[in-house]
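Residue numbers (the numbering used here): 10 to 142.
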């Protein structure tokens, strides 16, 4: 990957992780039972973005985990905030645990991409310094 592609992917991953944070926020709203129709609509939108962006990201990188199935299972196990609000505390904690595992894996991938980004920048800098022509 060239520098521009890596920079774009890092930005895409950072935005994707923000969507994961929002997913967690909606789980918190479900636990507190403080949500309305607007939050339900936004939750559906976040799930759509998570699913669609997953495909874009996996088309470029494949680190093995989280898998497409892990993400799909989590997203599909949360059809609505109302549904989540009716889960037992244990079930909700289990979902949060799944979310956390996936979130940490995405953070790790982002870290690896940032290392690659720095290495590519360093190579580019050295190339421009020593290969003027």
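Positions of the beta carbon are idealized from the N, C-alpha and C atoms, including for glycine.
Sub-8 Å separation of residue i and residue j beta-carbons
i           : j          : result
residue 48  : residue 90 : yes
residue 118 : residue 72 : yes
Contacts around residue i, its chain only, beta-carbon distance under 6 Å, and the 5 residues preceding and following it disregarded
i          : result
residue 52 : 35, 90
residue 25 : 62
Inter-residue Cα distance where the pair is residue i and residue j
i           : j           : result
residue 131 : residue 10  : 14 Å
residue 86  : residue 69  : 26 Å
residue 108 : residue 128 : 30 Å
residue 38  : residue 31  : 11 Å
residue 94  : residue 121 : 36 Å
Alpha helix (DSSP H) segment containing residue i, residue limits
i          : result
residue 22 : 12-41
residue 54 : 46-67
residue 83 : 77-85
Residue i CB to nearest heavy atom of the ligand NAD below 7 Å
i          : result
residue 83 : As for the ligand NAD, it is missing from this structure, which has no ligand bound.
Same chain, Cβ closer than 8 Å to residue i, five either side skipped, listed in chain order
i           : result
residue 115 : 22, 25, 26, 29, 75
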